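Working notes, structure below.
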Amino acid sequence: NFIDGIHGLSSGVCVLMSLSFSVIAQKVGDVELANLGIILAAASLGLMVFNYPLGKIFLGDGGAYLMGFTIAWLMILLAMRHEDISKWSLLAIASWPIIETVFSMLRRKLRGRLTHRPDRMHFHHIVMRGLEITSRKRIPRQRSNPLATLIILPLACVPAVLGTFYSQSHQAGVAICLASICLYISFYNGLLYVLRKRRFQILRK
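Residues 1193 to 1397 in the working numbering are what the sequence shown lists, from first letter to last.
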């Protein structure tokens, strides 16, 4: 639900995670879970056709919680049924929404705000507004919204692909999770710094 703020991002991440878990299930011969992953990916892709880029329909709270709950159980079942699969690698595949949620809660807590109160400082908001600021409003919200998804989805793909490839390596899974956290925080703070500096320069002109 935290990443359902722009067109296509939440459903795109659902497709990515479902397919990754399906591939891992296929590798260990668990046809049942592999098929479940494909079904979840197909359902998310079907929604994405109408959600991206125009946002005709949305997951909403109920849809986001349902997909998150189902994908989480797919991950748990994989970990329970197959001890040779690294739990850290599974966590790495789902790292983007997890990091976004935990980071957002900590950010609000450090600023003295309620952790459950919404704000416009999520990663996708920063990217979306960054496109508008750097283009000096030549890119309107109708275009910056779907463009932000095109920028963020490849970033979410990296830990998912690596987690799938190293699905049976505990050490690699830990490394991917730690690297994902560091890269997320670095990108977030770096974007904020650049945009604040850019905005100040634009205002001076």
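Glycine included, every Cβ here is placed at the ideal spot set by N, Cα and C.
All figures in this text were calculated on a predicted structure; none of them were measured in a lab.
Annotation: residue 1337 to residue 1197 spans about 9 Å, alpha carbon to alpha carbon.
Comparing C-alpha distances from residue 1373 to each of 1291, 1264, 1285, 1214 shows the shortest one belongs to 1291.
A distance below 7 Å between beta-carbons, with the five flanking residues on each side excluded, links residue 1323 to the following residues of its chain, in chain order: 1331, 1336, 1339, 1340.
Of the residues 1367, 1342, 1308, 1344, the one whose Cα lies closest to the Cα of residue 1354 is 1367. Rounded to whole angstroms, the separation of the alpha carbons of residue 1304 and residue 1351 is 31 Å. The Cβ atoms of residue 1278 and residue 1359 sit closer than 9 Å to each other. Taking the Cα of residue 1365 as reference, the smallest distance to any Cα among 1213, 1281, 1218 is reached at 1281. A direct Cα-Cα distance of roughly 26 Å separates residue 1386 from residue 1307. DSSP places residue 1300 inside the alpha helix (DSSP H), whose first and last residues are 1287-1302.
For residue 1257, the uninterrupted alpha helix (DSSP H) segment begins and ends at 1252-1273. Straight through space, the alpha carbons of residue 1215 and residue 1274 are spaced by roughly 14 Å. Cβ neighbours of residue 1239 within its own chain (closer than 6 Å, five residues either side excluded): 1203. Residue range 1315-1326 is occupied by the alpha helix (DSSP H) that includes residue 1326. Spanning the alpha carbons of residue 1320 and residue 1312 requires a straight line of approximately 10 Å.
Residue 1245: not part of any alpha helix (DSSP H); DSSP gives it neither H nor E.
Per DSSP, residue 1312 is not a residue of any alpha helix (DSSP H), being assigned neither H nor E. Between residue 1383 and residue 1318, the C-beta gap is smaller than 9 Å, which places the two residues in contact.
The residue from 1357, 1294, 1389, 1361 with its alpha-carbon nearest to that of residue 1195 is 1294. Going by C-alpha positions, residue 1362 is about 11 Å away from residue 1369. If you draw a straight line from the Cα of residue 1220 to the Cα of residue 1371, it is about 26 Å long. If you look at residue 1213, you'll find it in the alpha helix (DSSP H) that goes 1201-1219.
The three-state reading of DSSP puts residue 1238 in helix, counting H, G and I together.
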